[in-house]
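Heads up: the structure comes next, in structure tokens.
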Amino acid sequence: MPRAESSGRAALPGSAQLGLFDWDEPTPASAPIAAPAPGAAVSSSPGSPPVSIPRAGVPTQRYDDGIHRFDWSLHRAARRTLALRVDDRGVSLHAPRLASGASIAQFLQQHAAWVQRKLRQREQRLQALQAARIEWADGGRIPYLGQHLTLRLRGASQLQWDEARAELHLPLPPGSSAQQVRDSVAAWLQRQALGLFSARVAHFASQLGVRVTAVKLSAATTRWGSAKSDGSIRLHWRLLHFSPQLVDYVVAHEVAHLREMNHSPRFWAHVGSLYPEYQQARTQLRKSVLPPWG
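Each residue of the sequence shown is one higher than the last, beginning at 26 in my numbering.
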């Protein structure tokens, strides 16, 4: 399952999950750190980065080697390795309680380029998210299966989808609130999603010779889909913002889990038999931007 990062979340018992947006590479981690000898110093070395202004109650430090510059925070815990994480809260380094300042500084130096690259990627993603923001009003546009639909508020008696003009006419008067527009679009998307997902699941299930007991919609925050050993499949309704090819990849992924509830080579062989271009789709899904729903 593609996931936001190597967070260590366990899959639900008897299920396999496809998570939102993989990172392109794993988070750096060190070899196990040995405890220092009795009496050894464990405070920061004189050359460690200086402490800067605390951020959200967590002390941050500035790393600057003349090429790479960023703020980071140190978190000590009962663990055996050093690890770096870059997320919406910034850069954090997780270390064993007794790791020396020298080992921390060395680890940070070794992975400074990785951190800088991840920070650039995060900034690019934030910019892309801002550009993808939907205006919930007449004339707003929503991505839908590889195209954009223009929202129209004309007080229609019922919702109408004009495929030729790529317009979605909502049963709302001009001047309706953003919440009303958003709710109306969500209801339509969910109806479309259930119909499309059911058809595509049936298509791939017949190819693989597996039995599907139910297809349901999901609004999970961490995964695109999940499959259970009882034959049920859940798929995130907002997949409809992406191309039909990406939808098919996610559906094929979940159907393949009805044969293998894991990510073994046999599982990926099943995915490949259903969707030969899965590797390209997997990469594209990782890089895709889901429009903010707000």
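All residues carry an ideal CB built from backbone N, CA and C; glycine is no exception.
- No Cβ-Cβ contact shorter than 7 Å links V235 with I258.
- Secondary structure at E188: coil, using DSSP grouped into helix, strand and coil.
- In this structure G220 is exposed. Its beta-carbon is surrounded by fewer than 16 other beta-carbon atoms within 10 angstroms.
- The stretch 142-154 makes no contact with the stretch 172-192, as fewer than three CB pairs between them are under 8 Å.
- Bridge pairing for K241: R259 [DSSP].
- Put simply, the backbone Cα of W139 is about 41 Å away from that of D208.
- Taken through DSSP and simplified to helix, strand or coil, F229 comes out as helix.
- No Cβ-Cβ contact shorter than 7 Å links V272 with F229.
- Between H100 and A137, the gap from beta carbon to beta carbon reaches 7 Å or more.
- DSSP lists L195 as the beta-bridge partner residues of L178.
- By the criterion of at least three beta-carbon pairs nearer than 8 Å, the stretch 155-167 is not in contact with the stretch 121-129.
- Residue pairing by DSSP places Y169 opposite Q172 in a beta bridge.
- About 7 Å separates the CB atoms of L193 and W213; that is less than 8 Å, so the two are in contact.
- Excluding its 5 nearest sequence neighbours in each direction, P199 has C-beta neighbours in its own chain below 8 Å: D163, L178, R179 and G180, listed in chain order.
- The Cβ atoms of Y169 and L133 do not sit closer than 7 Å to each other.
- Bridge pairing for R94: D89 [DSSP].
- The DSSP-derived three-state label of D113 is coil.
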